[in-house]
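Student: Have a look at this one.
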Amino acid sequence: LDSEYQTVRLAVLGAPGVGKSSIVRQFVMQQFLEEYVPTEQRQVFCPAVIINEHLYEVRIIDCPYIPYFPVNSLYEWTDFRGYGLRNATAYVLVYDITSEESFEYIKSLRLQILESRNCHDVPIFVVGNKHDLADERGVPRREVREVANMVKKQWKCGYIECSAKYNWHIMLLFKELMKTVDYIDYGH
Ligand code: GDP
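For the sequence shown, position 53 matches number 397 in the UniProt record's numbering, and the numbering has no gaps at all.
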């Protein structure tokens with residue numbers, strides 16, 4: 345195995361309670377907690393992992409809630425700087441597929457990222473978490489599919505649904521994400 349590894353900086357963002365920390369915890373520690381422990385300070389995890397036969401050091405920045413500010417406002421700009429998010433390799437935008445509000449939140453985050461980076465080729469990867477609750481809460485499959493199609497076709501972003509609770513599609517999420525990152529990095 346090639347000992348050279350690539351450092352990838354991932355910023356995980358989304359509304360409170362959508363499961364950002366749970367996704368990171370499953371990926372890094374194979375653990376899931378039922379109780380909700382809000383992330384108060386930015387947390388950084390740096391696992392070395394082999395994904396798609398490449399060795400990566402993945403710096404995962406699990407961010408606390410960033411309140412919504414209108415795009416281009418001074419507040420929003422300083423927030424992104426404060427969290428060291430502007431030089432992320434990729435942004436992982438997590439929403440809860442049973443919460444329309446949490447999707448509205450990532451819509452606004454996406455605009456803020458595009459504005460503050462002033463470029464459109466930064467990888468944004470959208471994750472629909474809590475797949476296990478969709479049936480239970482009666483979310484029509486059609487609606488979930490519409491969101492997925494919109495993200496893929498209009499935003500031209502990677503998209504995956506997962507369940508941090510059942511460790512379903514968590515590894516796949518990172519595999520797909522790395523494909524997007526490599527694609528942008530090497531411009532294939
Ligand atoms: P964060 O604020 O986005 O970091 O959210 P957390 O990771 O702290 O999760 C918030 C709550 O949702 C916790 O009670 C978790 O146990 C729960 N949760 C996270 N992921 C899932 C999931 O995939 N399915 C279900 N049913 N609950 C989840």
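No residue lacks a Cβ here, since even glycine has one placed at the ideal position from N, Cα and C.
(1) Across which residues does DSSP place F371 in a beta bridge pair?
(2) Could you tell me which whole alpha helix (DSSP H) segments of length 4 or greater appear in the segment 429-492?
(3) Short of 8 Å in beta carbon distance, which residues of its chain neighbour K500, apart from the five on each side in sequence? Order them along the chain.
(4) L357 by DSSP, collapsed to three states: which one?
(5) Is there contact between the segment 505-512 and the segment 469-488, where contact requires at least three CB pairs shorter than 8 Å?
(6) DSSP has V352 in a bridge; who is on the other side?
(7) Using 10 angstroms around the beta-carbon of M522, count the other beta-carbons present and answer buried if the total reaches 16, otherwise exposed.
(8) Count Cβ pairs between the segment 350-365 and the segment 396-408 that sit closer than 8 Å; are there 3 or more?
(9) Below 7 Å CB to CB, which residues in the same chain sit around L517 once its five sequence neighbours on both sides are set aside?
(10) In its own chain, which residues sit with a C-beta less than 8 Å from the C-beta of V362, not counting the 5 before and 5 after it?
(11) Measure from the alpha carbon of R430 to the alpha carbon of each residue in E448, E378, I468, V495, then state which is nearest.
(12) Can you name, in chain order, every residue of its own chain whose Cβ lies under 7 Å from the Cβ of V525, other than the five neighbours on each side?
(13) For F518, name the three-state secondary structure that DSSP assigns.
(14) Check each candidate in D406, E520, L453 and name the one with the smallest Cα separation from E384.
(15) Could you tell me the distance, in whole angstroms, from the CA atom of P484 to the CA atom of E490?
(16) In or out: Y510 buried (at least 16 other Cβ within 10 Å) or exposed?
(17) Can you find the residues in the same chain that come closer than 6 Å, C-beta to C-beta, to R481, ignoring five residues on each side of it along the sequence?
Tutor: Let me spell this out:
(1) According to DSSP, which records beta bridges pairwise, F371 is partnered with nothing at all.
(2) 444-461, 475-478
(3) none
(4) strand
(5) yes
(6) V402
(7) buried
(8) yes
(9) V471, I504, C506
(10) V438, Y439, D440, S443, S446, N473, K474
(11) I468
(12) V352, T433, A434, P467
(13) helix
(14) D406
(15) 10 Å
(16) exposed
(17) T442
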